[in-house]
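See below for the structure under consideration.
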Amino acid sequence: MTITLDTTVNKLLRKVRITENSAIVFKDTVACDGHDDEAILRIVTHAHQDHLCGLKESIRKTPLIGMTEATYDILKALDYDIPENKTLILDYGKEVKIKD
Numbered sequence: 000m001t002i003t004l005d006t007t008v009n010k011l012l013r014k015v016r017i018t019e020n021s022a023i024v025f026k027d028t029v030a031c032d033g034h035d036d037e038a039i040l041r042i043v044t045h046a047h048q049d050h051l052c053g054l055k056e057s058i059r060k061t062p063l064i065g066m067t068e069a070t071y072d073i074l075k076a077l078d079y080d081i082p083e084n085k086t087l088i089l090d091y092g093k094e095v096k097i098k099d
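Put into structure tokens, the structure is as follows:
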């Protein structure tokens with residue numbers, strides 16, 4: 000079976016990398032489910048242990064930590080202390096634009 004990706008998908012994939020810290024990093028600014036020193040936004044997709052890699056470091060170093068309200072509640076119950084000024088609660092189905 001051969002899978003052909005269109006030009007748009009190929010361009011996007013060139014802007015994505017996976018680090019040795021398990022972060023999926025988009026355009027060197029958004030890290031998902033792992034820490035990256037260059038990221039300005041860390042996304043926690045859900046609270047399984049393998050998606051929390053480096054979260055304490057991200058809380059210290061990354062300007063914003065984004066997650067759903069449910070994930071935030073679980074992280075609080077797990078004693079992750081995310082400062083309010085770094086917390087970005089994301090709603091399902093809503094787009095968030097972050098400006099400089």
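Just so you know, the sequence shown maps onto residues 0 to 99 in numbering that gives the first Met the number 0. Just so it is clear, CB atoms sit at the ideal spot from N, CA and C, and this is done for glycine as well.
Could you round the C-beta distance between residue i and residue j to whole angstroms and report it? I think they count as a contact, below 8 Å.
i, j, result
"D35", "A22", "4 Å"
"K85", "I58", "7 Å"
"L40", "V24", "With a Cβ gap of about 10 Å, L40 and V24 do not count as contacting."
"V95", "T70", "Actually they do not touch by this definition, with Cβ atoms about 15 Å apart."
Would residue i be called buried (16 or more neighbouring beta carbons within 10 Å of its own) or exposed?
i, result
"I109", "The question about residue 109 has no answer, for the chain in this structure spans 0 to 99."
"A38", "buried"
"L54", "buried"
"E51", "For the record, residue 51 in the displayed sequence is Leu; it is not Glu. L51 should be labelled buried."
So, are the CB atoms of residue i and residue j less than 8 Å apart?
i, j, result
"L87", "I73", "no"
Whose C-beta lies closer than 6 Å to the C-beta of residue i among residues of the same chain, with five residues either side of it excluded?
i, result
"M66", "V43"
"V15", "F25"
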